[in-house]
Amino acid sequence: MNSPLFTSLSSEAHGAVSSVMTTIFSIPNSSSTSSIIPLLNITDNTTNDSLSNKKQISPSTLMADVNNRLLKRKLLHNRLYIITYIMCFLGLLGILLMIINNEIIFLNINDKDRYICWFIKLIITITTIILVLLVFYYHRLDLDLYAVSNSFNHWRIGLTTTRIFLILFEAFICMIHPMPLYFPFISNFKSNNSTTFNSTLPSHITIDIALGLPMFARLYLICRFMLFNSYLVHNAFSQSIGSLNQVSVNFYFLLKTYIQQWPTRCLSIFCILLFIISSWSLRACNYQSTIQHISMLDAMWLFIVTFTTVGYGDLTPATYCERSVATIIAMIGVLSTALLISVLAQKLELSRSEKYVHNFVLNIKLAKERKNHAANVVKFVVKLWYLKRKHRPISNEYIKAQRELVRSIHFNQQLKQDQKKLIDSCIGMPELIVMQRDSNDKIRENTQTLSIMKVVKLWYLKRKHRPISNEYIKAQRELVRSIHFNQQLKQDQKKLIDSCIGMPELIVMQRDSNDKIRENTQTLSIMKVKVDKIEEKLGNMDHAMINIQNTLHLVLNKISK
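Here it is, written out as structure tokens:
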């Protein structure tokens, strides 16, 4: 810090700053010296204070800052968990009260029951207002958590246009509910020429049902509640691993992990919830005061027929609402059927150990049959030779034996092909990865051994005073090639781990690695022979050097005497 270079640079910087300040703050027709010197003193003091503040930042203050941010993050996360729990409770309570209200309407209510319905709607309205307020408060806490996690100074930095749209859309979904007013039922319309529509034609539904069915969209709050109750969100280790690998631990990630761990359980829960909600929705949409209302069991039957896309025609949707619900059920039924087939195929597939046992048993069975057919081949060949020796080559017995011989040879070849197919089917992705890893280890060991041997060869040639010979240059070239090949193998291993490689690529890599292993083993055998010769020559040179040393000792002793 006290070097001449630093002092010269600081003096030059100070001169430049002072010149800039004099040019900026100089006022014409005034004394420049008296007005600028105090300003320069002020700027020098501010720069010195800022430098001193930067110097005062130590690792302890940084750790304290990180600790405060972690505590604040934990506090915000706990608040979000509590708010999510309250929102989920209010959302489910509103759905339950909406179902009770509509079921009272379905029972042909009287004047007393209308007051009960109005009171239930009032409770739904109060819970909806609280829920909408909690939606905005939840997103405000979420923005604070985002700002703390990313070290932002203010929460409005994360408030983008997309985020605003999503918040308003969520508030709109939670805002839909039946109002605490009585709306009369709108029956089938009558035209001016006194002609009426048939009861099977689409008709309107009550406003309570029209505003009550969209309340099932509040079930998304259960997904958020599952997210905050998951161990992946509560565990700090999983959060750290996800952030390091740039993987956001959100509901989509949680849904994928649940489907991968418990596919049958997740699909069953989804189908049961869909069955209950859609059946009641069909029953609610079918309500008309002039005709008989469909029962819950008939609505369940209509759901099953629509979900499986069978459509017997004994029950048909009569309103636009019912047709809309049936369309949604049919689309979800097609997707759920495809997902169910994939889950069943995964469950019915043999595990790795079961596949090994099954293939082992089949291989033993095929080997026994192949031995039997090979024995039949030998037997019929001997029989044909015996019949031919008895001069009966055109008899029926000879033709029958020849036919059996051809059949046994054909079966033997077919069994051989079946054994090959069985071995190929037993080899999967884990086996190929293990084989590839073993072959890479062998290649690395061989290349290292080759490099050591080529270094020894270079040392031997250099010791023989032939550093510029063709053999020396060739050995040096082989050494550089081996080092480059070793580095390339390491890069190939990294690419193999990072990338998603299929079966054909692994087979090609395995074939190439086997060829390289074969070449390296041949080169190793040749190099071992050469190294043995080099060791013999080095041993002879050591003996010669020892003899020369002994002779020199004797000569020196004689001279000293």
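Count along the sequence shown starting at 1, add 1190, and that's the number in our numbering. Glycine included, C-beta positions come from ideal geometry on N, C-alpha and C.
| Asked | Found |
| --- | --- |
| Extent of the continuous alpha helix (DSSP H) run through Leu-1368 | The sequence shown places Pro at residue 1368, rather than the Leu named in the question. Taken as a continuous stretch (DSSP letters only), Pro-1368 belongs to no alpha helix (DSSP H), as it is neither H nor E. |
| Ala-1508 burial status per 10 Å Cβ neighbour count (16 or more: buried) | buried |
| Three-way DSSP call (helix, strand, coil) for Ala-1426 in this model | helix |
| Coil, strand or helix - Lys-1644 by DSSP | helix |
| Environment of Ile-1633 [buried if 16+ CB atoms lie within 10 Å] | buried |
| Nearest candidate by alpha-carbon position, reference Lys-1545, set Ala-1516, Ser-1468 and Asp-1614 | Asp-1614 |
| Close beta carbons around Lys-1245, own chain, < 7 Å, minus the five adjacent residues each side | Because Lys-1245 sits at a pLDDT of 44, beneath the cut-off of 50, its placement in the model cannot be relied upon, and the point is left open. |
| Element boundaries [alpha helix (DSSP H), containing Phe-1279] | 1249 to 1296 |
| Coil, strand or helix - Glu-1539 by DSSP | coil |
| Beta-carbon proximity of Phe-1493 to Leu-1472, cut-off 8 Å | yes |
| Same chain only: Cβ atoms within 8 Å of Ser-1209, ignoring 5 sequence neighbours per side | Reliability of the predicted coordinates at Ser-1209 is poor, the pLDDT of 41 falling under 50, and the value obtained from them is presented with this limitation in mind. Excluding positions up to five away in sequence, the list is empty. |
| Spatial distance of Thr-1233 from Tyr-1336 (CA atoms) | Unreliable placement is indicated for Thr-1233, whose pLDDT of 41 sits below 50; no coordinate value is reported for it. |
| Residues near Leu-1529 by beta carbon distance below 7 Å, same chain, minus five either side | Leu-1457 |
| Cβ contact (3+ pairs, closer than 8 Å) linking the stretch 1404 to 1412 and the stretch 1252 to 1260 | no |
| Integer-rounded CB distance, given that Ser-1532 should sit under 8 Å from Ser-1629 | The Cβ separation is near 34 Å, so there is no contact. |
| Rounded straight-line distance, which links the Cα of Leu-1612 to that of Gln-1592 | 30 Å |
| Own chain partners of Ile-1412 with C-beta closer than 7 Å, once the 5 adjacent residues on each side are dropped | Cys-1278 |
| Beta-carbon contacts of Phe-1570 that lie in its chain and below 7 Å, excluding the five residues immediately before and after | Ala-1591, Glu-1594, Leu-1595 and Ser-1598 |
| Check whether Leu-1556 and Asp-1608 have beta carbons under 8 Å apart | yes |
| Three-way DSSP call (helix, strand, coil) for Ser-1585 in this model | coil |
| Close Cβ partners of Ser-1469 (< 7 Å) along its chain, the five nearest in sequence each way excluded | Met-1486, Ala-1489, Met-1490 and Phe-1493 |
| Nearest residue (CA-CA) to Leu-1265, options Asp-1332, Tyr-1477 and Tyr-1588 | Asp-1332 |
| Tyr-1275 versus Asp-1682 - alpha carbon distance | 50 Å |
| CA nearest to the CA of Asn-1676, picked from Trp-1649, Asn-1710 and Ile-1319 | Asn-1710 |
| Beta-carbon separation (whole angstroms), Thr-1318 vs Met-1253, contact threshold 8 Å | Not quite, the Cβ-Cβ distance comes to about 46 Å (not below 8 Å), so this is no contact. |
| Under 8 Å between C-beta atoms of Arg-1560 and Leu-1605 | yes |
| Limits of the alpha helix (DSSP H) - the one that Ser-1468 falls within | 1453 to 1475 |
| Three CB pairs or more closer than 8 Å across the stretch 1642 to 1651 and the stretch 1720 to 1727 | yes |
| Whole-Å CB distance - Thr-1499 paired with Ala-1516, under 8 Å assumed | Rounded, the Cβ-Cβ distance is 11 Å, inconsistent with contact. |
| 8 Å CB neighbourhood of Lys-1751 in its chain, flanking five on each side removed | none |
| Contact under 8 Å by Cβ, Ala-1474 with Ile-1522 | no |
| Distance between Arg-1671 and Gln-1638 (C-alpha atoms, nearest Å) | 12 Å |
| Neighbourhood of Glu-1360 by C-beta distance below 6 Å, restricted to the same chain and skipping five residues each side | Val-1325 |
| Nearest neighbour of Gln-1626, chosen from Lys-1578, His-1424, Asn-1562 and Met-1699 [CA to CA] | Met-1699 |
| Check whether Asn-1636 and Ile-1707 have beta carbons under 8 Å apart | yes |
| Asp-1504 - DSSP class collapsed to helix/strand/coil | coil |
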